[in-house]
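Worksheet for the structure shown next.
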Ligand SMILES: Nc1ncnc2c1ncn2[C@@H]1O[C@H](COP(=O)(O)OP(=O)(O)O)[C@@H](O)[C@H]1O
Ligand SMILES: [Mg+2]
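Protein chains in written order, with my numbering: chain L, 1 to 364; chain D, 365 to 702; chain H, 703 to 1285.
The structure is reproduced here in structure tokens:
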């Protein structure tokens, strides 16, 4: 298995920079997801790795081979990069049967017929589509087409697999199921995988590491938990989940250095302790991130990092959980409580943040 | 005494001329030998695969064992191919059979043809045909008036070109377009000269309907669309036997187009070409043309023509269009037939 | 994140072989290929055109002493020529609009409705296109002349009227005759576009509450825009260059168009006036160019990709009893445009002369003379050889050019597109002269002139515009994913072109092939100027027969050609059916 290395990669269309100075290393066997809102340059990045899009700057290497480097006039054609790819539209060739679709990567590599048959069967079995080998490709449901696309991408055991929003055309239930199946398959085969999605749940469930992008730039790279719990910017923080973001000022830094550091912060009508890994100074304004699932009706614990009081202005039953919205002096806060909690609009209540759950980031 | 002298002179002349004849035939034998060595001759022709033309070529091949390659083209295409090839230095053709005026034009605009030299059979040419330095007459296409015998009663049949201007034919004459170069304009030009300007002016008043496809037009007359068609090339009616049409040769005579041979410059097979020209002037060859209702150019062919062809083979000729008058004639036709 | 570096990536020392390999990994191969393509197209179109440009600016044709001047162009901008222009544009516009309407109607009926016997109708509707125009012109002359035309006689007999019903020797006659050719031509384009479209797009519109007609107007038609506009342009331009119809039906009515003016100036002048003919052609070309630019403008930046990787199944609209009406419409067109004229020819071919149906003139002589004529067979063989080779080469070239111009963002692709358009915009009669000059004046060592290659090259040049248009219209409908997916999975550019693009667009490929094949079969202007002894082609032989008054023999050959078309189309449609049924 090969690693993929992007160094200062950028891509401009005319005057518009779609991908700006991206640095990324995908280790061999790793599952890395590019995550970001639509139009942030994920697809462009992926296509540059595939060789479908030319780079206008930087260098891309796959394994030990430089595949794109405009400065040295290198641009390896896509067919010579030995990749597997799953397209958002699946790109199932409508004029071929399922078998021919999957066999295609082997046929163009002029493998012997017997080998092709065997490997196609194996690939189809892997995605549980062996019964459909003779079906005309267009006569498949979305989920089936997706499996065929995956089988096709993996049939010649590529070093690197690229996937562009492969699940976005499926319904919610199938999406979860296919995602899980794919992840276990990927782990089993240990294929280096670069995955593109705008769906954070999908990204977090599948990835070893997530690359959060916006406006063509990488905001943060890290494991799902790290990205989620320790975002390095307000943008990252707000993109994952639907957090509360509160204005505050740093009033003190905890003496014993730890990772992360702990700061005392002071907001509008509240004060508390927030973690952070940026070197904030006293008096600096920060944004404090409070995830809805970390807030609870208090007081429960003595070591809560902060407390707020306010009036319930919305209460929505969601089955497993109940979402509440509270108007406080610090602004509106939303959070989740067990479904059976009694909370009516107009009730006054106090809420608190679990210990070490608040996270401070620089505003902006 | 003077009588004796006369006899002596005559005898001497006879001996002398027979000597030149034998000298000439010795020359000609050399030509024939050289032609056979050349083995092939390339002709550019406007005949477009006419059966009598093909028959002449076939008899030539059979007689001499020399292969004939004939490239059939329409007039302007032929001229342009010859011109282009010569200008580009690709001398692919040996000889051409084209109208007299086209040869005149070639002589005027460039250096495309060479001297033909003596052609023995040219001595047998009929009046008014004669060779020039660079051309030898090949055959003649006279034209007359075509009538539909169902629509034109025998007593109404035009006898003279003037009869076309009878008011009863107003709007009923189909004609080859007289404005552009072609048979229509040839007729226009010859009639202008021989019948006088008023004739053409009156004809224009008859509002003839113009068309551009002579072969189909004759059939349109046969089918009864129009009672009269001018000008009808005799030969083009020879294969309409069985249809209710008849070709009238007006008493004033028939305008005609004359086809002539010329030898192309830098011909690769000049001797074979000259042999072919000579073969074309054989009575047997000309007879094929006469039987196709054309006018043979040598003596002795018209007499042997089939009965139905005799009249055409001996038709009175009226004249042909000349290169010098052509622009004026085309201009005039354009003016009369706006 | 740790800092990244590429130190771990090995950089082998540069040796020559590696440098070359590096070169091949860059853009060099593509640039080379593109340059080769541009050169090839330039030779096919720019080179003969440059000869003509010289001809239009020089008092004499190439190879003759003369001077440069603008008299050819000055002659173009005169009042009589303006009238000729107006006639030409008016006639072509009329016939294009009408035939486009008909073609869209038929395309829709054949590909989208449950009209009975659609397969047979499809073959029948396209038949008129493949008949030599000279034959149908003659047949329509027999049917529609005001004096003794069959239609008029029948009308007068039925109605007791004295005045004729129709007169083909008129504007309407010219338009009508052209219509019979452009309708099938446009139909061939449109029907494939209909077929290639995902019905889901239409269904979506129906689901939104739009009526059938509204759906057709708002969704179906706009999606087919590239195909329809391309077809419109091709047909309009072809209309400007149409020759037989105005010659036959316009001349007697004193209607002159550009082609007849050119014909006069080349074939019926004391000295062929190539300067005027080519100047006139270039002016037309300039006008057409504006049209092409307008087309680019219309299609620019819009996506018409209706064939996606998600697959679809074509579905037909159930018309209920109305399907008999649509059936009747198709049959009516077939009867008027094929049965009437071709029936006339077929019937006529068994009599000694056309139009004289007498028992004693009944004969098989025409068939005997054609079938027993070595020249005809040799011409058939030559034409087939050239047709197969030429059509295949043309389609391959067209597929590549269309690919470059519609599916890449390579710089220089517009140039290639333009180069491929050019020959279409030059009237055939004039372009043929360009080829003659071009081939003859090549350096002496390059002996294309006078060989069969000259014909082949000219045919490829003449056919490329259509093949490019056909293939571009087809490519326009294919989503990029399908192709990129192939590249990523290891297929080279060539493999992708063949196995994905052409394979997907192959109904269009086949249609283009047939169009090109029969285009070659019919081409006369260039053939007659470029053929050499031994390489006679069918059109030259037909010309000979025609000029020898063997109209009946010509129609026998024409009927044989139709039989061939029948066969071709039948096989082709069988194959398309098989292909469609796998969808
Ligand atoms: N071929 C192109 N020409 C111009 N702009 C493009 C092109 N492809 C993508 N872009 C722009 O680049 C940006 C990034 O696109 P993309 O990578 O597709 O985003 P996403 O993250 O949604 O996959 C978008 O703003 C898009 O409009
Ligand atoms: Mg995307």
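Backbone N, C-alpha and C fix where the C-beta goes; we use that ideal spot for every residue, glycine too.
If I measure Cβ to Cβ from residue 707 (chain H) and keep anything under 7 Å in the same chain, skipping five residues before and after, which residues do I get?
At residue 707 (chain H) the pLDDT is 42, less than 50, meaning the model places this residue with poor confidence and gives no usable figure here.
For the region 562-600 of chain D, list the alpha helix (DSSP H) runs that are entirely contained and at least 4 residues long, ordered along the chain.
DSSP runs (the alpha helix (DSSP H)) wholly in the region 562-600 of chain D: 578-587.
Hey, does residue 1189 (chain H) have any beta-carbon neighbour from chain L nearer than 8 Å?
yes
Identify which residue in H:1208, H:1193, H:737 and H:775 has its Cα closest to the Cα of residue 700 (chain H).
With chain H covering only 703 through 1285, there is no way to say anything about residue 700 (chain H).
What's the gap between the Cα of residue 331 (chain L) and the Cα of residue 139 (chain L)?
53 Å
So which residues on chain H does residue 520 (chain D) lean against when the C-beta distance must stay under 7 Å?
None at all; the shortest Cβ gap to chain H is about 18 Å.
Could you name the residues of chain H that residue 112 (chain L) contacts, counting a contact when the two beta carbons are closer than 8 Å?
Here the premise fails: no neighbours, minimum Cβ distance about 16 Å.
Round the Cβ separation of residue 626 (chain D) and residue 477 (chain D) to the nearest angstrom and send it over; I've been treating them as touching at under 8 Å.
4 Å
Quick one: which residues of the region 39-67 of chain L get their C-beta closer than 7 Å to a C-beta of chain H? List them in chain order.
Listed by position along the chain: 50, 52, 59, 61, 64 and 66.
Name, going along the chain, the residues of the region 512-537 of chain D whose beta-carbon falls closer than 8 Å to a beta-carbon of chain H.
none
Say whether chain H places a C-beta atom closer than 8 Å to the C-beta of residue 208 (chain L).
no
For the beta strand (DSSP E) containing residue 1084 (chain H), list its first residue and its last residue.
No beta strand (DSSP E) contains residue 1084 (chain H), which is instead part of the alpha helix (DSSP H) from 1076-1109.
Taking 7 Å as the cut-off, is the C-beta of residue 43 (chain L) nearer than that to any heavy atom in ligand 2?
Because some heavy atom of ligand 2 lies under 7 Å away, the Cβ of residue 43 (chain L) counts as near it: yes.
Is the CB-CB distance between residue 52 (chain L) and residue 213 (chain L) below 8 Å?
no
The beta strand (DSSP E) enclosing residue 1187 (chain H), as first and last residue numbers:
Careful: residue 1187 (chain H) lies outside any beta strand (DSSP E), inside the alpha helix (DSSP H) at 1182-1190.
Is it buried or exposed for residue 492 (chain D), if we count other Cβ within 10 angstroms and need 16 for buried?
exposed
Roughly how many whole angstroms lie between the Cα atoms of residue 646 (chain D) and residue 662 (chain D)?
8 Å
Among D:649, D:683 and D:638, which residue has its Cα nearest to the Cα of residue 391 (chain D)?
D:638
Excluding the five sequence neighbours on either side, which residues of its own chain have a C-beta within less than 7 Å of the C-beta of residue 554 (chain D), listed in chain order?
619, 682, 683, 684 and 685
Could you check whether the Cβ of residue 336 (chain L) sits closer than 7 Å to any heavy atom belonging to ligand 4?
Ligands present in the displayed structure are limited to ligand 1 and ligand 2, and ligand 4 is not among them.
Against residue 971 (chain H), what residues of chain D qualify as contacts under a CB-to-CB distance less than 7 Å, listed in chain order?
545
Only counting runs of 4 or more residues, tell me where the alpha helix (DSSP H) segments fall wholly within the region 389-433 of chain D, in order along the chain.
415-428
Go to residue 328 (chain L), then tell me how far its beta strand (DSSP E) extends in each direction, as first and last residue.
321-328
Can we count residue 39 (chain L) as close to ligand 1, meaning its CB is less than 7 Å from some heavy atom?
yes
In this structure, does DSSP put residue 1154 (chain H) in helix, strand or coil?
helix
Does any residue of chain H have a CB that is nearer than 8 Å to the CB of residue 690 (chain D)?
yes
What in chain H is Cβ-close to residue 580 (chain D), meaning under 8 Å?
Result: 840, 843 and 1253.
Any heavy atom of ligand 1 inside 7 Å of the beta-carbon of residue 51 (chain L)?
Residue 51 (chain L): no, Cβ never under 7 Å from ligand 1.
Where do the ends of the alpha helix (DSSP H) carrying residue 248 (chain L) lie?
Element bounds for residue 248 (chain L): not the alpha helix (DSSP H) but the beta strand (DSSP E), 244-253.
Between residue 180 (chain L) and ligand 2, is there a pair consisting of the residue's CB and a ligand heavy atom that are separated by less than 7 Å?
no
So that I know if they touch, is there some Cβ in chain D lying closer than 8 Å to that of residue 1292 (chain H)?
Chain H is shown from 703 up to 1285; residue 1292 (chain H) falls before or after that span and cannot be answered.
Beta carbon of residue 660 (chain D), beta carbon of residue 677 (chain D): below 8 Å?
Taking a C-beta distance under 8 Å as the contact criterion, residue 660 (chain D) and residue 677 (chain D) qualify as a contact pair.
For the beta strand (DSSP E) that contains residue 626 (chain D), what are its first and last residues?
618-628
Please state whether DSSP places residue 699 (chain D) in a helix, a strand or coil.
helix
Considering only heavy atoms of ligand 2, does any lie closer than 7 Å to the CB of residue 342 (chain L)?
no
Start-end ranges of the alpha helix (DSSP H) lying completely within the region 150-204 of chain L, minimum 4 residues
Fully contained in the region 150-204 of chain L are the following alpha helix (DSSP H) runs of length 4 or more, in chain order: 172-189.
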